[in-house]
Amino acid sequence: MKPIIRFHDVSYTYHLPNGQSIPALQHVHLTIYPGEFVALMGANGSGKSTLVRLINALFVPTEGTVCVHQWNTRERRYWKDIRRTVAMVFQDPQSQIVGSTVEEDVAFGPRNLGLPQSVVRQRVEWALRTVGMWDLRQRLPFQLSAGQAQRVALAGAIAMKPEVLILDEATAMLDPAGRQTILSLLKHLNTLGMTVVLVTHFPEEASQAQRLIVLHRGTVVADDVPTRVFVRSERLAEWGIAAPVPGQIARRLHTKMPCISPAILDVRTLTRALEECLITSPRQSLSNPSPRPSRVGQARSTFIKTRDLWHVYMAQTPLEVTALRGVTLTVQRGASVGLMGTTGSGKSTLMQHLNGLLFPHRGEVWIDGQEIRQWQDRLPALRRTVAMLFQRAEDQLFERFVGDDVAAGLRSLRLPREILRERVRWAMETVGLEFEAYKDRPVYSLSGGEKRKVALAGVLVLEPQGVILDEPTVGLDPRSRQDLMMYLEKWHTRGDVTLIYSSHSPEEIAHMTDQIVIMQNGVVAISGETHEVLYDVERIKALGLEVPVVVELVLGLRSRGIPLRGNPITMNEFVNTITRFFRGRG
Amino acid sequence: MENVEFLRRVIIGIYLPTNSWLHRLDVRAKLFVFLVGTGYATFVSSLRAQGVFLIWVLMLMHTARVPWRFAWNGLKAALPFLFAFGVLDLLFAPSSPKGVICTPWWTLGSWHLTNCAVETVGLLFLRFTVLMLWTSLLTITTTVVELGRGLEWYLSPLNRWGIPGYEVSLILALTFRFVPTFALEAERLVKSQMARGIDLGEGGRWRFWRRVRAMMPMLIPFFLMALRRAEEMAEAMEARGFIGVTDTAAAENLLPQKGGVRHEC
């Protein structure tokens, strides 16, 4: 078979205005054949985005040659053909929608190809029906949820009937259900013969591909079947990518239970291996699982309370949306509450009510013993009592130097210099930024993960009684994600701060919180203690969310007659439960 | 207590698919009337004429099924600015322009409040209101791509001098498409600062100057965001077969290679 994409000794170098040059790709050789489903992984800055932009001639190599069919991307006269052949979906759906309505946007590509109006109309209908957005074709771009918008972007790409479809971290900003939808669409398109190149940080997505390419510092370090790449554990950490969660668990168990192969990557195989391992060992007394240390039971006072809270966006316009429809909720002082729900379920809106960024259209919000209307003249003070970190907060840093930005929230307090300095130092070191090394660095010189930490320090520096974190790890690569989680956990176990934490990752929620509130369609659908709620698998999945892999393992083992007790939800708890059980029998 | 919701204050650049006769009207005709109307509102300096024009715009809005509330929300956002300009005008504008006889109504030292000054301020008010509603009427009833095609038709004679009509028109039309996006982004930016206790002069409706001063540092991240958005949009458009006027990143490496053997495909 003739290859569809060929990289011959390709290098790409970025030239900065100050004369510096940064090599993004170095001597890459690569061949992709028609009909392949290729996943591309690598830490931030490893060259993934550059590589895919070289495929469709958005970039042209500094050295070497990129071919699409017989077309050299260096030759401008082929660009139209190349872009008709290779379509691309980007990370942020809102900045790739050109049209005023869904329908008009999907037609943009086919129109650029100069197709006749009737063909354009056919293509638009086919594309929108394929992604399941035909009924919403009259919607405006900003009325769509992230998942819907990304489906529109996908429709816009496939409406050009490309042979190759590239997704550049196109699922990073979606919830689990949205990611699942996109992934099944990709598989469907792949069976129709479309070549798919999927850039992702999620190992679960990459393992669905036939082939996984790993980039590390601009070179291809692995190119193989995903399962074979993921078992090369010793290298994964160096490359800054993660193995699927079942794989991580298997590897940790292997050190204590040699009967578990460290090469296992999926839940089903791991369940079976655990079953055999636990059953074949001679039966002895069962040990009691240690109860999960819970802070919920202790008597505490109410810190935040909402009663029948309603909120309407774009009120009294034709674009009105009701985001909250009667939320009643109590958060105890010192609790840590996980907030889950699909995009558009009202999480962000709810969180912004809890520190006076938004005000209810109906209902009440009580914070620290006072109704929101009583806070009216002291709103900055309220927001220092309960501070919030927005999604992708690194985009919102506004001072030039790191230290100044962290201190910005304290400025109006007019603290003495020394105290200010100490608090900034404490906040920066809490998130793992060494004070002396970072305080005078310009914000723009930091990496994405470091900027996110600066933003977090800017919230912690207020020493608030409550902290609200809106998807604090979204969009980070596994390495920065783990790093941030580590510091967050350290900070949280030390203090007695009320934490409200939203995330789409059930693993993170299990790790960080004691209680869970799950939102759906503007109301609270499920709430309770984390280790109980996360075992309500059917209801959670029905809401389009996921449970931790650990929970699936425990339930699988129980259904096979292995009486694991306690409800472990984190990897640590699970490994402890299993090894104790194993030793109890072995 | 008022919610921070910038998008609710934006009426320019939002397309409302109410499917009225104005939506269906040929975009070239719409653009022609729009240009004539804009010229009229800009250059005619009679209170009565502006008033008549305003009534006409309001009638058009009504037949385009634009809810009054929607238009009013957009105007309300501009009121503090208009008041500020109006007051400055009353204080410092010449109370009687040359060759016009004005009646002083009220005198304080050397400062007179005359009927001319009041008329000037009234005109400013009316003109601004009319232009704002007039522009939003165009974008409420016309999609970006339609607008681009209309402009293209008018710009097509320029093709002769090598100016690409389609590309230029689409870029002009996209300017409107970005207004709501920028409003949303600006809102996020402002809120995320407020969320860590930074006082941006909320509350008091008339703490206008304080608010402006507090917002100044936000301009840098706002422009960075705008540039990033524009760049992302340009990339996404190119990837969908739009070969732009000037090419972005690809341009510099198009020249013959520096060293190395050219590999044929």
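Line by line, the protein sequences are chains A and B. Letter by letter, the first sequence follows residues 435 to 1020 in the working numbering. Letter by letter, the second sequence follows residues 38 to 302 in the working numbering. For every residue, glycine included, the Cβ atom is placed at its ideal position computed from N, Cα and C.
Selection from the options that minimises the alpha carbon distance to residue i
{"i": "L459/A", "options": "G652/A, T776/A and T496/A", "result": "G652/A"}
{"i": "A273/B", "options": "V523/A, R886/A and T507/A", "result": "V523/A"}
{"i": "D526/A", "options": "E538/A, W568/A, D602/A and T507/A", "result": "D602/A"}
{"i": "K113/B", "options": "D236/B, R46/B, P254/B and S229/B", "result": "R46/B"}
{"i": "E833/A", "options": "E275/B, A267/B, A276/B and L261/B", "result": "L261/B"}
{"i": "A821/A", "options": "D811/A, L894/A and G543/A", "result": "L894/A"}
{"i": "S846/A", "options": "E156/B, A271/B and M231/B", "result": "M231/B"}
{"i": "V137/B", "options": "T75/B, A121/B, W148/B and E156/B", "result": "E156/B"}
{"i": "W925/A", "options": "A891/A, N1001/A and D970/A", "result": "A891/A"}
{"i": "A842/A", "options": "R818/A, R826/A and Q825/A", "result": "R818/A"}
{"i": "L608/A", "options": "V598/A, Q584/A, T629/A and T507/A", "result": "Q584/A"}
{"i": "M628/A", "options": "T634/A, A604/A, V598/A and P637/A", "result": "V598/A"}
{"i": "L233/B", "options": "G990/A, D802/A, L588/A and Q786/A", "result": "Per the sequence shown, residue 233/B should be read as Arg rather than Leu. Among G990/A, D802/A, L588/A and Q786/A, the Cα nearest to that of R233/B is on Q786/A."}
{"i": "T218/B", "options": "V558/A, P544/A and G533/A", "result": "G533/A"}
{"i": "P680/A", "options": "T703/A, E668/A, G674/A and W860/A", "result": "T703/A"}
{"i": "A606/A", "options": "F869/A, L763/A, R517/A and G909/A", "result": "G909/A"}
{"i": "D811/A", "options": "D236/B, T75/B, L264/B and I257/B", "result": "D236/B"}
{"i": "N1021/A", "options": "P575/A, V444/A, R555/A and I600/A", "result": "In the structure as shown, chain A begins at 435 and stops at 1020. Residue 1021/A is therefore absent and cannot be evaluated."}
{"i": "K482/A", "options": "Y467/A, T625/A and L632/A", "result": "L632/A"}
{"i": "T983/A", "options": "E941/A, D948/A, T625/A and R1014/A", "result": "Checking the displayed sequence, the identity of residue 983/A turns out to be Val instead of Thr. Among E941/A, D948/A, T625/A and R1014/A, the Cα nearest to that of V983/A belongs to E941/A."}
{"i": "R440/A", "options": "V462/A, Y446/A and V500/A", "result": "V500/A"}
{"i": "I51/B", "options": "S881/A, V540/A, T535/A and L844/A", "result": "T535/A"}
8 Å contact criterion, which residue i and residue j should meet: CB distance rounded
{"i": "L617/A", "j": "Q644/A", "result": "At roughly 14 Å, the Cβ-Cβ gap does not stay under 8 Å, so L617/A and Q644/A are not in contact."}
{"i": "L188/B", "j": "L209/B", "result": "6 Å"}
{"i": "A220/B", "j": "L53/B", "result": "Their Cβ separation, rounded to whole angstroms, is 16 Å, which puts A220/B and L53/B out of contact at 8 Å."}
{"i": "G185/B", "j": "L160/B", "result": "Not quite, the Cβ-Cβ distance comes to about 34 Å (not below 8 Å), so this is no contact."}
{"i": "H688/A", "j": "W744/A", "result": "That belief does not hold up - the Cβ atoms of H688/A and W744/A are roughly 52 Å apart, past 8 Å."}
Residue i burial status per 10 Å Cβ neighbour count (16 or more: buried)
{"i": "H945/A", "result": "buried"}
{"i": "Q718/A", "result": "Here Q718/A scores only 45 on pLDDT, less than 50, and its place in the model should not be relied on; the value that follows carries that caveat. So Q718/A counts as exposed."}
{"i": "S939/A", "result": "buried"}
{"i": "W171/B", "result": "buried"}
{"i": "V442/A", "result": "Before going on, a small fix: residue 442/A reads as His here, not Val. The residue in question, H442/A, is buried, as its Cβ has 16 or more Cβ neighbours within 10 Å."}
{"i": "W809/A", "result": "buried"}
{"i": "I698/A", "result": "buried"}
{"i": "I1003/A", "result": "buried"}
{"i": "L620/A", "result": "buried"}
{"i": "W109/B", "result": "exposed"}
{"i": "K690/A", "result": "exposed"}
{"i": "E966/A", "result": "exposed"}
{"i": "G731/A", "result": "Note that G731/A has pLDDT 49, beneath the 50 cutoff, so the model's placement of it is unreliable and the number below is only indicative. Looking at its Cβ environment, which holds fewer than 16 other Cβ atoms inside 10 Å, G731/A is exposed."}
{"i": "G296/B", "result": "Since pLDDT at G296/B reaches only 47, below the 50 mark, its modelled position is unreliable, and no value is offered."}
{"i": "K436/A", "result": "exposed"}
{"i": "V654/A", "result": "buried"}
{"i": "L292/B", "result": "Low local confidence applies: a pLDDT of 47 at L292/B is under 50, so the model's placement there is unreliable, with the coordinate-based value given in what follows. Its Cβ having fewer than 16 others within 10 Å, L292/B is exposed."}
{"i": "H622/A", "result": "exposed"}
{"i": "G453/A", "result": "exposed"}
{"i": "S529/A", "result": "buried"}
{"i": "V1105/A", "result": "Past the edges of chain A, shown from 435 to 1020, lies residue 1105/A, and the structure says nothing about it."}
Interface partners of residue i on chain D, CB under 8 Å
{"i": "Y935/A", "result": "Protein chains A and B are contained in the structure displayed, whereas chain D is not."}
Contact test: residue i Cβ vs the ligand ZN heavy atom, cutoff 8 Å
{"i": "Q614/A", "result": "Because no ligand of any kind appears in the structure shown, any question about the ligand ZN cannot be addressed here."}
Legend entry - chain A contacts from the stretch 251 to 284 of chain B (Cβ-Cβ distance under 7 Å): Under the 7 Å Cβ criterion, the stretch 251 to 284 of chain B contributes P254, M255, I257, P258, M262, R266, E269, M270, E272, A273, M274, E275, A276, R277, G278, F279 and I280.
Inset, instruction - Determine which residues of the stretch 815 to 832 of chain A have a Cβ less than 8 Å from any Cβ of chain B, and write them out in chain order. - result: A815, R817, R818, A821, M822, L823, F824, A827, D829, Q830, L831 and F832
Inset, instruction - Write down every uninterrupted run of the alpha helix (DSSP H) in the stretch 496 to 520 of chain A whose length is 4 residues or greater and which is fully enclosed by it, in chain order. - result: 513 to 519
Legend entry - Cβ-based contacts, 7 Å cut-off: residues of the stretch 870 to 899 of chain A near chain B: G892, V893 and L896
Inset, instruction - Check distances from the C-beta atoms of the stretch 215 to 228 of chain B to those of chain A and list, in chain order, the residues that come in under 8 Å. - result: P217, T218, L221, R225, L226 and K228
Inset, instruction - Check distances from the C-beta atoms of the stretch 626 to 659 of chain A to those of chain B and list, in chain order, the residues that come in under 8 Å. - result: none
Inset, instruction - At 3 residues or longer, and completely inside the stretch 638 to 719 of chain A: list those beta strand (DSSP E) runs for me, N to C. - result: The qualifying runs are 645 to 650 and 653 to 658.
Inset, instruction - Name, going along the chain, the residues of the stretch 54 to 72 of chain B whose beta-carbon falls closer than 8 Å to a beta-carbon of chain A. - result: P54 and T55
Inset, instruction - Would you mind listing the alpha helix (DSSP H) stretches within the stretch 819 to 871 of chain A that are 4+ residues and don't spill past its ends, in chain order? - result: 836 to 841 and 851 to 864
Legend entry - alpha helix (DSSP H) runs contained entirely in the stretch 170 to 243 of chain B, provided each spans 4 or more residues: 181 to 192 and 202 to 231
Inset, instruction - Kindly provide the ranges of any beta strand (DSSP E) runs that are 3 or more residues long and lie completely inside the stretch 891 to 940 of chain A, ordered along the chain. - result: 900 to 904 and 932 to 936
Legend entry - Length at least 4, wholly inside the stretch 73 to 134 of chain B: the alpha helix (DSSP H) runs in chain order: 84 to 100 and 105 to 129
Inset, instruction - Identify each residue in the stretch 533 to 566 of chain A for which the Cβ-Cβ distance to at least one residue of chain B is less than 7 Å, and report them in chain order. - result: G533, S534, T535, E538, F542, G543, N546 and L547
Inset, instruction - Would you list, in chain order, the members of the stretch 87 to 108 of chain B that have their beta-carbon closer than 8 Å to a beta-carbon of chain A? - result: Here the close residues are P104, R106 and F107.
Inset, instruction - Could you please tell me which residues of the stretch 518 to 530 of chain A, in chain order, have their CB closer than 9 Å to any CB of chain B? - result: Those would be R518, V520, A521, M522, V523, F524, Q525, D526, Q528, S529 and Q530, in chain order.
Legend entry - Contact set between the stretch 740 to 756 of chain A and chain B, restricted to residues whose Cβ is under 9 Å from the partner: H745, Y747, M748, A749, Q750, T751, P752 and L753
Inset, instruction - Return the residues of the stretch 168 to 202 of chain B that lie within a Cβ-Cβ distance of less than 7 Å from chain A, sorted by chain order. - result: So the list reads T180, V181 and V182, given in the order they occur along the chain.
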